[in-house]
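Residue numbers (our numbering), protein chains in the order written: chain H, 3 to 460; chain G, 3 to 460.
Protein chains: 2
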Amino acid sequence: MSRHFGAFQRLLPPSAVCTDVGRVNTSRVDWLGQFSSPVLPDSPKFLLQPSCSDEVATILKYCHEQRVPVVPQGGNTGMVGGSVPHRGDEVVLSLSRMNKIHSFDPTNAVIQCQSGCILDNLNEYLRPYGYVMPLDLGSSGSCQIGGNVATNAGGIRFLRYGSLRSNILGLKVVLANGDTIDLLNTLRKDNTGYDLKHLFIGSEGTLGVITDVCVATPMLLANSVTALLGLDYYEDAVAALSAARNKLGESIAAIEYWDSASMRISSTTQLGLGDCRFYLLVEVASNMNLESLEDRMMDFLGMYSKGVLATDEGKKKSLWKLRENIPLALKGMNGHTYKYDVSMSPHLFNQATLMVQHHLAAEYPHAQVFQYGHLADGNLHLNIWSPTFDQEIKNLAESTLYEFLRLHRGSISAEHGIGVLKAKHLNVSKSEKAIATMRNLKFLFDPYNILNPNKVLN
Amino acid sequence: MSRHFGAFQRLLPPSAVCTDVGRVNTSRVDWLGQFSSPVLPDSPKFLLQPSCSDEVATILKYCHEQRVPVVPQGGNTGMVGGSVPHRGDEVVLSLSRMNKIHSFDPTNAVIQCQSGCILDNLNEYLRPYGYVMPLDLGSSGSCQIGGNVATNAGGIRFLRYGSLRSNILGLKVVLANGDTIDLLNTLRKDNTGYDLKHLFIGSEGTLGVITDVCVATPMLLANSVTALLGLDYYEDAVAALSAARNKLGESIAAIEYWDSASMRISSTTQLGLGDCRFYLLVEVASNMNLESLEDRMMDFLGMYSKGVLATDEGKKKSLWKLRENIPLALKGMNGHTYKYDVSMSPHLFNQATLMVQHHLAAEYPHAQVFQYGHLADGNLHLNIWSPTFDQEIKNLAESTLYEFLRLHRGSISAEHGIGVLKAKHLNVSKSEKAIATMRNLKFLFDPYNILNPNKVLN
């Protein structure tokens, strides 16, 4: 690897090769400390941090010729180990220095920037124009737009604005061999040949390195109203989806869901809803005046016997806190939490949860199951807690859940991606033929398997 | 070809091989009569019309082994010659008999059906549930959803619901070699590996044959309000986009645009707007009550001195007629119309039009230029009329317009696709590297070039 180090020093400006021990070490472990690079005698003691796509091209051309494996890394905030070395011999290619905003056109509402821009910084840049990014994530203070795009990140704005994928108008990508494909246009409609950008979006850095992006941005909305519903039957939560679409229509901004077990750990506050088995947080947002927004929400709430409405910021925040506290509370409990980010028809959340619960109950009476997530998007965060980590619980829960997903054509990863964590389970959600096609694409774009090896496909 | 005819008869049920002379001939020419198959001694005197994806697989497996070229055909309503044979030796594979609706789930709002379903029939099926298809086209009475998906069709619902691509949740595709990739899921979120379906969407039948689709459907909206603005400066039309987003927000359903030349041929009615240089038709639609919708529109209209508002069906229709009449009026004029479907930043419509006009004026004083289109989507339909067809006018207009698009990173095909018509101009909108990548993909998926040869890539 020292041979390559010398080569990178020759090929790149000094600022693009970092040997700071702290930074190098940090780059080789994920933010949760769950995935880290094995330390081999030959593990690189440097990381690469180019400032532009040309430097990325120089790096990959060399790595392609010399068969040097590369891990592209954005904010390193992923959940599945996709952005850290897995074998130990990979060079980390950090996009962090590529944080220039090229332009924003308020007429077309499109922002063009480098991949290393931090999500919060983009939002801050857009605010004076009255626009926002089409996604929001817990990690917005450190995640980078390039990583967001490479993983097709989800989050709570998905319901309103659709997938990040559908808001990406253009990309610049450097391929494994160092060739650059410039698809950096800002057009909303363009039917000229195969839409190559979608190959790279969500491919987790295994087919190319995204260096620049054009993102369509929605308007910043002035007003919002939030409501919390308490429901006794799961079917009522499902029925509320159609009712909300009907009564609240295009002003719906979020429909979040959790069960009584999640509520118990999230809140000690008395809400005046009494004990309910299921909860729905519904938010509408718009530039229309607050009163008509409130009217719409009241009309919807009128259908239910247990509900609270929030229009002032403090109360809205306290309702959202109930939802946001759930993962935090789980983290705070002594013991171990097994986390699953899956998707399925909204009909099935409770059935999936009950099935996992049922399978665990007999042998592991201390295990607790929690369900929460983005109901309207079909995205369930199923969490299981046990007093200590137990591989048997993990195996039983996983096999039960994944078998259920296989049967109902669900997804083992709704928004977190595959990384290394789920690569061996890809076949639960994708057929043999589909996976074979993915392998063919990987071979076409990266014949020497230098780009993020062992991720997505193992 | 008679050898292959016998083979198809052996391999398929009798109903899947059609020898009706009228139907065979119709299948070999496009609806506008602009593109037709050369008649060779060996041209097939039959067409294939399978009833399910398994039969499509049987057909393609045979064609792959025997190197028989195939043209997949939906409603044959395209504008660029993509759905008819170009060389003469291709077999037409019609999806028309594959018109089963598999299911609709109102909770998830997803319809699953075969590719040959006609768009209007799907809308009719959805209406009682209170849902609609996310696209609408002039050809909705005969175009098929599979063809819509294969061409990523646009239309007037694009602004509200986004591209058709972004509303497709699942596909079943038969590859050139007869392998079937079943990606037919109904999940809104699924980050499990490369999103293969986007390779096939918009690839115009050159990478695989789409046999079944899952489409996310929006709610049918009860109320709408339409307005027509007359403007004297192009900059005001552009500025109105941000104003509309701000005042009308998520209830915007359409923003259509045309110039005074288009207005003159479209309408003889006195609108009370006086003579204006540019017109904007703005529509809002929602399930909120008509009154608040009207209020929002009045608030927006208040910014302009020349505007009319329509709430009753008759008046709304008459405003829309002004827009819809433009292509019809052009068709009705004696002479020839040169039609361009391009996209660019909304800033540039008028500049592009003036440039073409300027280049034509000196040598062809009788040529007239018309601009209309979907302003907010950046989709300009630039039309040129001359008393007779003149190849020189075509050459001059095309070179001027395409040079402008190359300079401003515009698209030579916003929504109509490439087909045979624009294959040689693909490099205006896509770089050499991008086109080379498309060729690699084509070779990977269809090494013998049997699927819709000469389309998209020539």
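Note that CB positions come from ideal geometry on N, CA and C, so glycine has one too.
Taking the C-alpha atoms as reference points, what is the distance between residue i and residue j?
i, j, result
"G/Arg89", "G/Val82", "15 Å"
"G/Ala255", "G/Leu243", "13 Å"
"G/Pro220", "G/Met135", "7 Å"
"G/Gly140", "G/Gly375", "14 Å"
"G/Ile386", "G/Leu303", "32 Å"
"G/Pro389", "G/Glu365", "14 Å"
"H/Thr182", "H/Ile113", "21 Å"
"G/Tyr306", "G/Leu230", "10 Å"
"H/Phe445", "G/Glu293", "58 Å"
"G/Gly251", "H/Gly251", "13 Å"
"H/Pro87", "H/Trp260", "35 Å"
"H/Asn225", "H/Pro40", "49 Å"
Looking at the C-beta of residue i, does it have a partner C-beta in chain G at a distance below 9 Å?
i, result
"H/Gly304", "no"
"H/Phe160", "yes"
"H/Arg30", "no"
"H/Pro348", "yes"
"H/Pro108", "yes"
"H/Leu137", "no"
"H/His376", "yes"
"H/Val240", "yes"
"H/Ser431", "yes"
"H/Gly83", "no"
"H/Gly132", "yes"
"H/Met3", "no"
"H/Lys426", "no"
"H/Met265", "no"
Chain H beta carbons: is any one of them nearer than 9 Å to that of residue i?
i, result
"G/Tyr342", "no"
"G/Ile212", "no"
"G/Arg298", "yes"
"G/Ile203", "yes"
"G/Leu275", "no"
"G/Lys63", "no"
"G/Leu223", "yes"
Taking Cβ-Cβ distances shorter than 7 Å, what residues in chain H pair up with residue i?
i, result
"G/Asn289", "Asn248 and Gly251"
"G/His2", "This structure cannot speak to residue 2 of chain G, because chain G is shown only from 3 to 460."
"G/Ile414", "Thr194"
"G/Ala436", "Ile183, Leu185 and Leu198"
"G/Ser105", "None at all; the shortest Cβ gap to chain H is about 11 Å."
"G/Ser244", "Pro108 and Thr109"
The alpha helix (DSSP H) spanning residue i covers which residue range?
i, result
"H/Trp322", "Glu315 to Gly334"
"G/Asn397", "Gln393 to Leu409"
"G/Val26", "Val23 to Ser29"
"G/Glu67", "Ser55 to Gln68"
Please report the residue range of the beta strand (DSSP E) in which residue i lies.
i, result
"G/Tyr340", "His338 to Ser345"
"H/Asn381", "Asn381 to Ser388"
"G/Lys191", "First-last for G/Lys191: undefined, no H or E at that position."
"H/His6", "Run containing H/His6: none in the beta strand (DSSP E); it sits in the alpha helix (DSSP H), Ser4 to Leu13."
"H/Thr213", "Val211 to Ala218"
"G/Gln75", "Val72 to Gln75"
"G/Lys174", "Ile170 to Val176"
If the cut is a Cβ gap below 9 Å, which residues of chain G does residue i touch?
i, result
"H/Leu292", "Within 9 Å Cβ-Cβ: nothing; H/Leu292 doesn't reach chain G, min ~13 Å."
So which residues of chain H does residue i contact, with C-beta pairs closer than 8 Å?
i, result
"G/His418", "Asn193"
"G/Val215", "Correct list: empty, because the minimum Cβ distance to chain H is about 15 Å."
"G/Ser345", "Leu189, Arg190, Lys191 and Asp192"
Please compile the residues from chain G whose C-beta is within a distance smaller than 8 Å of the C-beta of residue i.
i, result
"H/Asp379", "Arg190 and Lys191"
"H/Leu446", "Asn442, Leu443 and Leu446"
"H/Val458", "Gly195 and Tyr196"
Which residues in chain H have a C-beta closer than 9 Å to the C-beta of residue i? List them in chain order.
i, result
"G/Arg325", "Within chain H, no residue comes near G/Arg325; the closest Cβ sits about 17 Å away, beyond 9 Å."
Listing by chain order, which chain G residues have their CB less than 7 Å from the CB of residue i?
i, result
"H/Thr439", "Ile183 and Leu198"
"H/Arg411", "Asn187"
When you measure from the CB of residue i to every non-hydrogen atom of the ligand SAM, does any distance come out below 8 Å?
i, result
"H/Met221", "Of ligands this structure carries none, so the ligand SAM is not represented either."
query = Can we say the segment 142-157 of chain H touches the segment 203-215 of chain H, given the rule of at least three CB pairs closer than 8 Å?
reply = By the criterion of at least three beta-carbon pairs nearer than 8 Å, the segment 142-157 of chain H is in contact with the segment 203-215 of chain H.
query = Name the residues in the segment 154-186 of chain H whose C-beta lies less than 9 Å from a C-beta of chain B; which are they?
reply = Of the chains in the structure shown, none is chain B; the protein chains are H and G.
query = Is it a yes or a no for the segment 319-329 of chain H touching the segment 273-285 of chain G, going by three-plus beta-carbon pairs under 8 Å?
reply = The segment 319-329 of chain H makes no contact with the segment 273-285 of chain G: fewer than 3 CB pairs, one atom from each, lie closer than 8 Å.
query = When the Cβ atoms of the segment 98-106 of chain H are set against those of the segment 19-36 of chain G, are three or more pairs found closer than 8 Å?
reply = A contact is defined here as three or more CB-CB pairs under 8 Å, and the segment 98-106 of chain H fails this definition with respect to the segment 19-36 of chain G.
ask   = For the 8 Å Cβ check, are there 3 or more pairs between the segment 343-352 of chain H and the segment 407-416 of chain H?
value = Contact holds between the segment 343-352 of chain H and the segment 407-416 of chain H, because three or more Cβ pairs, one in each stretch, are under 8 Å apart.
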